[in-house]
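Peer 1: Just dropping this structure here.
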Amino acid sequence: MSDERIAMSIAPVEVSRRIREMAVLVVAGTASRQAELGHVIERLGCRVTTADFLQLESLPVDGKAFQLVVVDVERDVPLLGGALAR
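Following this note's numbering, the numbering of the sequence shown begins with 18 at its first residue and continues without gaps.
The following block contains the structure:
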């Protein structure tokens with residue numbers, strides 16, 4: 018029983034550490050929306066990179082990988098998948 022309690026108390030700390038280590042890409046159409054979403058995600062402790070849809074194609078990734086991509090889409094963006102696949 019005591020081992021079970023220990024495992025339950027460690028899990029949230031481990032999840033929290035993993036979230037803080039995440040690199041997140043926030044893509045939104047306006048600078049204010051990028052800032053708004055980026056601020057919320059930064060409060061979780063993540064490292065945030067922001068871009069608009071035009072910047073996405075030319076975003077210098079230099080071997081950088083994102084564990085999470087947040088896209089604020091108000092319209093159909095057919096080319097988005099190809100840019101994110103890079």
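Glycine is no exception: its CB is placed at the ideal position from the N, C-alpha and C atoms.
Note that the structure is predicted; figures quoted are calculated from it, not measured.
With distances taken from CA atoms, which of Asp89, Ile36, Val90, Val88 is nearest glutamate 59?
Peer 2: As a first step, residue 59 is located in the sequence shown; it is residue number 42 there, counting from the start. The candidate whose alpha carbon is nearest that of glutamate 59 is Ile36.
Peer 1: Is it buried or exposed, glutamine 72, if we count other Cβ atoms within 10 angstroms and call 16 or more buried?
Peer 2: Taking the first residue of the sequence shown as 1, we reach residue 72 at position 55. So glutamine 72 ends up on the exposed side.
Peer 1: Write down every uninterrupted run of the alpha helix (DSSP H) in the segment 36-90 whose length is 4 residues or greater and which is fully enclosed by it, in chain order.
Peer 2: Here the runs fully enclosed are 48-60, 70-74.
Peer 1: Note down the Cα distance separating serine 75 from glycine 55, rounded to an integer number of angstroms.
Peer 2: Here the question's residue 75 lines up with position 58 in the sequence shown. Here the question's residue 55 lines up with position 38 in the sequence shown. So the two alpha carbons sit approximately 20 Å from each other.
Peer 1: How many whole angstroms separate the CB atoms of valine 41 and arginine 64, which I take to be in contact at a CB cut-off of 8 Å?
Peer 2: Residue 41 sits at position 24 when you count from the first residue of the sequence shown. Residue 64 sits at position 47 when you count from the first residue of the sequence shown. Indeed, because the Cβ distance is near 7 Å, the residues count as touching under 8 Å.
Peer 1: So the candidates are Gln84, Ser33, Asp69; which of them puts its Cα closest to the Cα of methionine 39?
Peer 2: Here residue 39 refers to the residue found at position 22 when the sequence shown is read from its first residue. Comparing Cα-Cα distances from methionine 39 to each of Gln84, Ser33, Asp69, the minimum goes to Gln84.
Peer 1: Would you mind giving the Cβ-Cβ distance between valine 57 and glutamine 51, rounded to the nearest angstrom? I have them listed as a contact below 8 Å.
Peer 2: Your numbering for residue 57 matches position 40 in the sequence shown. Your numbering for residue 51 matches position 34 in the sequence shown. Rounded, the Cβ-Cβ distance is 11 Å, inconsistent with contact.
Peer 1: Out of Thr66, Val88, Asp89, state which residue places its alpha-carbon closest to the alpha-carbon of alanine 82.
Peer 2: Residue 82 sits at position 65 when you count from the first residue of the sequence shown. Among Thr66, Val88, Asp89, the Cα nearest to that of alanine 82 is on Thr66.
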